[in-house]
Amino acid sequence: DTGVSQNPRHKITKRGQNVTFRCDPISEHNRLYWYRQTLGQGPEFLTYFQNEAQLEKSRLLSDRFSAERPKGSFSTLEIQRTEQGDSAMYLCASSPGAGHYNEQFFGPGTRLTVL
Amino acid sequence: SQQGEEDPQALSIQEGENATMNCSYKTSINNLQWYRQNSGRGLVHLILIRSNEREKHSGRLRVTLDTSKKSSSLLITASRAADTASYFCARGNNRLAFGKGNQVVVIP
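Protein sequences, first through last, are from chains S and V.
In terms of our numbering, the numbers along the first sequence are unbroken and rise by one, the last being 141.
In terms of our numbering, the numbers along the second sequence are unbroken and rise by one, the last being 519.
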């Protein structure tokens, strides 16, 4: 399967714990995106990378959130001191990056539950 | 309000019928994309329409764009049970802004 993969698919944690999610984009895609989706809502943009450079961050990405893409391939999203409000589906997407109109290819998501 | 915002609807139709859903936005766009999300395949890109296009087809899908009214519609013709999903429009090039989505249930 050469699509976007995300791990883990499900994560249950206690409030105050740190969690880290991983995203592996489609191999030739140089843009990578993170979104968050809560029940009944559309995805909300968090951040995106062009290769290893983080080009844009949403205000949703508080100081407790950090994302990296160290080698321009896979990316990690870490949430420190989790809160119950962080419970959501975290989606990763990638795109080729060529031109201005980019279809984004989404992974299956990581569902986070904070108890 | 959120950019790329559908008229939130829950449609329940019989297989073979057509389904239409709408999306409105407030600022100028370069393009508008439609995505489908279901439990089996996650979020999947359906079609992208550029601001200088008025209509676009892809298989049983037809998307229209009216930039003067800042609105778009997605038509699914001859619906199938597998079309049961949530449908989102999204504006933006990299930072996509999604609406709340339209829930479509196709009854076999």
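Glycine included, C-beta positions come from ideal geometry on N, C-alpha and C.
Is the beta carbon of residue i less than 9 Å from the beta carbon of residue j?
{"i": "Arg137 (chain S)", "j": "Ala114 (chain S)", "result": "yes"}
{"i": "Trp445 (chain V)", "j": "Leu459 (chain V)", "result": "yes"}
{"i": "Arg497 (chain V)", "j": "Asn442 (chain V)", "result": "The sequence shown places Ser at residue 497 (chain V), not Arg. Going by C-beta atoms, Ser497 (chain V) is not nearer than 9 Å to Asn442 (chain V)."}
{"i": "Gln67 (chain S)", "j": "Thr108 (chain S)", "result": "no"}
{"i": "Asp494 (chain V)", "j": "Val474 (chain V)", "result": "no"}
{"i": "Glu54 (chain S)", "j": "Gln63 (chain S)", "result": "no"}
Starting from residue i, trace the beta strand (DSSP E) both ways and give me its first and last residue.
{"i": "Gln425 (chain V)", "result": "Ala421 to Gln425"}
{"i": "His456 (chain V)", "result": "Gly453 to Arg461"}
{"i": "Asp50 (chain S)", "result": "Val45 to Asp50"}
{"i": "Glu94 (chain S)", "result": "Phe91 to Glu94"}
{"i": "Ser479 (chain V)", "result": "No beta strand (DSSP E) contains Ser479 (chain V), which DSSP labels as neither H nor E."}
{"i": "Gln444 (chain V)", "result": "Asn442 to Asn449"}
{"i": "Tyr391 (chain V)", "result": "Outside the shown range of chain V, which is 412 to 519, sits residue 391 (chain V), and nothing can be said about it."}
{"i": "Lys467 (chain V)", "result": "Glu466 to Ser469"}
Just to confirm my understanding: we take residue i, look at its own chain, exclude 5 residues before and 5 after, and list those with CB closer than 8 Å. What are they?
{"i": "Lys37 (chain S)", "result": "Val45, Phe47, Thr136, Arg137, Leu138 and Thr139"}
{"i": "Ile518 (chain V)", "result": "Ser423, Ile424, Gln425, Glu426 and Ala492"}
{"i": "Asn429 (chain V)", "result": "Leu486, Ile487, Thr488, Ala489 and Ser490"}
{"i": "Asn505 (chain V)", "result": "none"}
{"i": "Tyr74 (chain S)", "result": "Arg57, Leu58, Tyr59, Trp60, Gln80, Leu81 and Glu82"}
By Cβ distance below 6 Å, which residues in the same chain neighbour residue i in space, the five residues on each side in sequence not counted?
{"i": "Ser88 (chain S)", "result": "none"}
{"i": "Asn128 (chain S)", "result": "Ser121"}
{"i": "Asn513 (chain V)", "result": "Glu417, Gln420, Met432 and Tyr498"}
{"i": "Glu78 (chain S)", "result": "Arg95 and Gly98"}
{"i": "Lys40 (chain S)", "result": "Leu141"}
{"i": "Ser412 (chain V)", "result": "Confidence in Ser412 (chain V) is poor, its pLDDT being 28 and thus under 50, which makes the residue's placement unreliable; the coordinate value appears in the next sentence. Cβ neighbours of Ser412 (chain V) beyond the five flanking positions: none."}
{"i": "Glu466 (chain V)", "result": "Thr475"}
Less than 7 Å between C-beta atoms, sequence neighbours within five positions excluded: which residues of the same chain meet that for residue i?
{"i": "Gln414 (chain V)", "result": "Any reading at Gln414 (chain V) needs caution, since the residue's pLDDT is 41, under 50, leaving its predicted position unreliable; the model's value is listed next. These residues qualify, in order along the chain: Tyr436, Lys437, Thr438, Arg502 and Ala508."}
{"i": "Glu464 (chain V)", "result": "Leu476"}
Would the region 75-87 of chain S and the region 28-42 of chain S be scored as touching if the rule is three or more Cβ pairs under 8 Å? no
At least 3 beta-carbon pairs within less than 8 Å: the region 46-56 of chain S vs the region 481-488 of chain V: no
Ignoring anything shorter than 3 residues, give me the beta strand (DSSP E) runs that lie fully in the region 52-83 of chain S, in order along the chain. 57-63, 70-76 and 79-83
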